[in-house]
Amino acid sequence: MKVLKNLRCVRALVVARLSRYASESGSFWAALIVDTLVFFIQAAVFWVIYLNVDDIGGWDKWRSVFFVGTFTLVDGLYMTLYFFGVLGIPDAISTGRLDLYLAKPFDPLLHLAFERFNPGSLFLSLPAFLLIAVAAANMGAAPRAGDVAAYLGALSLMLILVFDLMVLVRVPAFRLKRLGAANVAEGALVEFAFRVPPSAYRGALKLVFRVFLPYGLIAAFPTEAFFGETGVGGWAAAIAVVAAFTALMRLAWRRGLARYESAGG
Amino acid sequence: MRRPGIYAAVVRTAFADRVAWRADAFFGAFMALARIAFAFVLWSAIFDGRAEVGGLSLPVVTSYYLVAVFVYQIDQSGSSAEMLAAEIRAGRFGAYLARPVDPLAWFLAASAGRSAFQATIVAFAAALAALAFSLLGPGASSLLEPLDPAGILAALPVLISGLFSLGLIKFMTAILAFKFQDIGAFQIAQNCLVEFLSGALIPLALMPGAIRAALEMTPFPALASLPAELALGRGLESLPGTAMVLVGWNVALYAAARAMYASLSTRYEEFGS
Numbered sequence: 177m178k179v180l181k182n183l184r185c186v187r188a189l190v191v192a193r194l195s196r197y198a199s200e201s202g203s204f205w206a207a208l209i210v211d212t213l214v215f216f217i218q219a220a221v222f223w224v225i226y227l228n229v230d231d232i233g234g235w236d237k238w239r240s241v242f243f244v245g246t247f248t249l250v251d252g253l254y255m256t257l258y259f260f261g262v263l264g265i266p267d268a269i270s271t272g273r274l275d276l277y278l279a280k281p282f283d284p285l286l287h288l289a290f291e292r293f294n295p296g297s298l299f300l301s302l303p304a305f306l307l308i309a310v311a312a313a314n315m316g317a318a319p320r321a322g323d324v325a326a327y328l329g330a331l332s333l334m335l336i337l338v339f340d341l342m343v344l345v346r347v348p349a350f351r352l353k354r355l356g357a358a359n360v361a362e363g364a365l366v367e368f369a370f371r372v373p374p375s376a377y378r379g380a381l382k383l384v385f386r387v388f389l390p391y392g393l394i395a396a397f398p399t400e401a402f403f404g405e406t407g408v409g410g411w412a413a414a415i416a417v418v419a420a421f422t423a424l425m426r427l428a429w430r431r432g433l434a435r436y437e438s439a440g441g
Numbered sequence: 002m003r004r005p006g007i008y009a010a011v012v013r014t015a016f017a018d019r020v021a022w023r024a025d026a027f028f029g030a031f032m033a034l035a036r037i038a039f040a041f042v043l044w045s046a047i048f049d050g051r052a053e054v055g056g057l058s059l060p061v062v063t064s065y066y067l068v069a070v071f072v073y074q075i076d077q078s079g080s081s082a083e084m085l086a087a088e089i090r091a092g093r094f095g096a097y098l099a100r101p102v103d104p105l106a107w108f109l110a111a112s113a114g115r116s117a118f119q120a121t122i123v124a125f126a127a128a129l130a131a132l133a134f135s136l137l138g139p140g141a142s143s144l145l146e147p148l149d150p151a152g153i154l155a156a157l158p159v160l161i162s163g164l165f166s167l168g169l170i171k172f173m174t175a176i177l178a179f180k181f182q183d184i185g186a187f188q189i190a191q192n193c194l195v196e197f198l199s200g201a202l203i204p205l206a207l208m209p210g211a212i213r214a215a216l217e218m219t220p221f222p223a224l225a226s227l228p229a230e231l232a233l234g235r236g237l238e239s240l241p242g243t244a245m246v247l248v249g250w251n252v253a254l255y256a257a258a259r260a261m262y263a264s265l266s267t268r269y270e271e272f273g274s
C-alpha cells in the first residue's frame, strides 16, 4: 500500500513538473541543447577513435555505437526522471529544506528525487534510438521480442542502479559541508563508464567496475542483454548487484536521517 | 586597472583559500590519476596487437594523457565564474563595485591564485603517476615516452596563455548572469566543448588534418594538447606561429570581455536600487 501511495505521489510530481515546463520554454530548450551537445561530443570521441582503428578489444564500430546509444538512452532517462532532484539533496540537507519533505506523508527521498522531473532530457532519447537502430541494422541484428524485452528489463534495472549510486554519493551531505570532491569522483566514473567500452575491462578491473563500483554495468549490461550474451548467471549477478546497492542506499539514507538535525538544530 | 599590489593580495588570498579547502584539490588530483588510469585501460585495448595508432605508439599516448589530463586540471576559473554568477543573481555584486578593484582584474587574479594552488597539487600527482607507470613498465621498456626538458619549458608560457584565454571566456560566461536567470547550461556546454577542443579527451593528432588545422587557430589546444605535445618534444618548430595565435586571441578576448562587461553590467539591480 505504501509503495502504491509513493508511486501515486511520484506521478503527481511529474504531472506538476510538466505543467511548469510548459510555461518555462527557456529552461526546457537549455536542457535539451546541453544534453544533445554532450551526446554529440561523445559520438565525436568514438568517431575519432574509429577513424584510426577497426575495433576496440574486439568490439567493432557498430557494437560501440550501440553501446554509446544505450548509454545516451540511460542518461536521457535518468536525467528526465531524477537526476536534477537527486542533485538537490545536499542543498536540501544543508539549508534545512529537508524539514518540509519530512513533514509530508510521502517518502522524502522519492519526493526530493522526482520533484525536478526534467522532460527536456527526454529528447536525448531520440538520437539514442537513432544510434541504436542504425547500429543494430549495420550489425545485421534482427531483434526478436525476447531481445527487446531483455533490453528494456536491463535498462530498468540500470536506472535503479544509477539512482542508488547517485544517492549514495550525496548521503555524506548529512555529515559533510561540501561534496565537491565526491561530485568530481562521480563525474569521472560516469564519464569513463561510457567512454570505455566493456570490452576494454579485463581481469580484476572487470570485477571492480561491474560489482564494487558498478558504473561499468550501466550501458554494458543492457547492450549484452540485447545481444543475448548475459545468460542466467549474468542476470542473477546484475540483479544481485542492484539489490545490494539498493539495500546499501536505503540503509545509508536512514542513517543519515537519524543524524539530521533540521533547520533549527 | 588600479594598483597591481591589490591584485597580488587577491592572488595570495585566493591561494590561501584553496589551502583551506585542500581536501577538494587533493581529491581532484586523485581523480586526475584515475582518469589517466582509465585512459590507459581504454588505449591498451585500442592498441591490442597494434604497434601504432594514427602514428602514435602506446607510450606516446600514455605520456600525452599524463601531461594533457593533469594540465587540463589546473584551470580553476570555473569556480570563480560560478561564484561571480551566483553573486550577481543574489544581488551581492554591489560589493565589487564598492571595493577598490576592477571586477575583471579581480576575477583573473582570484582565478590565478586558485589555479596556482591547483598546479602545485597537480604537479605532485603527475610525478606520482609518472613514477607508477615507470614501475609498471615490463623490464627495461617503460610505458612512458621520455619528456623533453626544452619542450616542457616551452609549454609553460603556452599553458599560461591558454589559461588566460579560458579565464576571459569564463568571465564572459559568468557575467551572462546579468541577463539570464540561470547560466548553468552555458557553463556545462562550455566545459564540454572546451574539454573536447583542447585535446584533453582525445589526442588532436588523431583527428583529420583539416579539423586539426582549424583547431590550431583557436586558443583551446593550449590548455592540454599543445603543452602535452611540446613536452613530448613535438611541434617546437611551430612555436612562434602558435604564440602569435595565442597573443591575438588573448587581446581579442580581453577586448570582448571589457565590452561585454560594459554592456551587461548596466542591467544590474539589487535590493533597494
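Line order of the protein sequences matches chains G and W. Remember, the numbering used here sits 176 above the position in the first sequence when you count from 1. Remember, the numbering used here sits 1 above the position in the second sequence when you count from 1. For glycine and all other residues, C-beta sits at the position ideal for the given N, C-alpha and C. From a predicted model like this one, the values you see are computed outputs, not experimental measurements.
Could you give the residue range of the alpha helix (DSSP H) that holds residue 382/G? 380–383
Next item on the list: Identify whether residue 103/W lies in helix, strand or coil by the three-state DSSP scheme.
Entry: coil
| Is the number of C-beta pairs between the stretch 204–220 of chain W and the stretch 241–258 of chain W that are closer than 8 angstroms three or more? | yes
Item checked: Residue range of the alpha helix (DSSP H) that includes residue 432/G -> 407–435
- request: Look up residue 236/G in the DSSP assignment and say whether it is helix, strand or coil.
  value: In the three-state scheme derived from DSSP, where H, G and I count as helix and E and B as strand, residue 236/G is classed as strand.
### Task
Identify which residue in 377/G, 287/G, 434/G has its Cα closest to the Cα of residue 182/G.
287/G
What residues from chain G crowd round residue 55/W, counting only those whose CB sits closer than 7 angstroms?
The answer, in chain order, is 228.
### Message
Using beta carbons (cut-off 8 angstroms, strictly below), is residue 25/W in contact with chain G?
### Response
yes
- Task: Report the rounded CA-to-CA distance for residue 229/W versus residue 156/W, giving the unit in angstroms.
- Result: 8 angstroms
Residue 376/G to residue 32/W, Cα distance in whole Å?
-> 20 angstroms
- Query: How is the alpha helix (DSSP H) around residue 306/G delimited, first residue to last?
  - Reply: 301–314
Margin query: Tell me the DSSP secondary structure of residue 141/W in three-state form.
Written below: With a pLDDT of only 44 at residue 141/W, under the threshold of 50, the placement of this residue in the model should not be trusted; the figure read from the coordinates follows. Residue state, collapsed to three classes: coil.
Original post:
Using Cβ-Cβ distances below 8 angstroms, what residues of the stretch 77–105 of chain W are close to chain G?
Top reply: Flagged: no residues at all.
Return no unless some Cβ of chain W is closer than 8 angstroms to the Cβ of residue 368/G.
Yes, contact with chain W.
- Query: Between residue 21/W and residue 89/W, what straight-line distance do the alpha-carbon atoms span, to the nearest angstrom?
  - Reply: Across the structure, residue 21/W and residue 89/W are spaced so that their CA atoms are roughly 25 angstroms apart.
Note to self: Please report the straight-line C-alpha distance between residue 198/W and residue 160/W, rounded to a whole angstrom.
What the structure shows: 15 angstroms
Measure the alpha-carbon distance for residue 141/W versus residue 59/W and round it to whole angstroms. Confidence is the limiting factor: at residue 141/W the pLDDT is only 44, short of 50, which leaves the residue's position unreliable, though a coordinate-based value still follows. Each residue's CA atom was taken as its position, placing residue 141/W and residue 59/W some 15 angstroms apart.
* To do: Tell me where the alpha helix (DSSP H) around residue 326/G begins and ends.
  => 321–346
| field | Nearest-angstrom Cα separation, counted from residue 255/G out to residue 366/G | value | Computed Cα separation, rounded: 13 angstroms.
Of all the CB atoms in chain W, is at least one closer than 8 angstroms to the CB of residue 225/G? yes
Going by beta carbon distance, what residues of the same chain come within less than 7 angstroms of residue 179/W, once the five residues before and after it are set aside? The answer, listed in chain order, is 89, 265, 266, 268, 269.
Quiz item: Per DSSP, which one or two residues make a beta bridge with residue 231/G?
Solution: 236/G
Point to revise | Buried versus exposed call for residue 256/W [16 or more other C-beta atoms within 10 Å across all chains shown] | key: exposed
Handout entry: Short-range partners of chain G found in the stretch 13–43 of chain W, where Cβ spacing is below 7 angstroms
Key = 24, 25, 28, 29, 32, 35, 36, 39, 42, 43
- Item | residue 126/W to residue 225/G span [Cα, whole Å] | Straight across, the Cα-Cα distance linking residue 126/W with residue 225/G is about 27 angstroms.
Which whole runs of the alpha helix (DSSP H) in the stretch 350–402 of chain G are 4 residues long or more, in chain order? Those alpha helix (DSSP H) runs which fall completely within the stretch 350–402 of chain G and span 4+ residues are 356–371, 380–383, 393–402.
| field | Buried or exposed by the 16-neighbour rule on C-beta atoms within 10 Å, applied to residue 275/W | value | Because chain W spans 2 through 274 in this model, residue 275/W falls outside it and cannot be assessed.
In chain order, what residues of the same chain lie with their CB nearer than 7 angstroms to the CB of residue 385/G, ignoring the 5 residues before and after it?
377, 391, 392
Name the chain W residues that come within less than 7 angstroms of residue 410/G, Cβ to Cβ? Residues of chain W passing the Cβ test: none, with the nearest at roughly 21 angstroms.
Worksheet item: Are the C-beta atoms of residue 141/W and some chain G residue less than 8 angstroms apart?
Response: Note on residue 141/W: pLDDT 44, under 50, position unreliable in the model; no value is reported.
Q) Taking 8 angstroms as the CB-CB limit, is residue 208/W close to chain G? A) yes
Inset, instruction - Note the first and the last residue of the continuous alpha helix (DSSP H) segment covering residue 270/G. - result: 265–271
message: Which residue marks the beginning of the alpha helix (DSSP H) containing residue 49/W, and which one marks its end?
response: Element bounds for residue 49/W: n/a, residue is neither H nor E.
What did DSSP end up calling residue 57/W once you bin it into helix, strand or coil? strand
Q: Closer than 9 angstroms by beta-carbon distance: list the chain W residues that pair up with residue 354/G, in chain order.
A: 22, 24, 25
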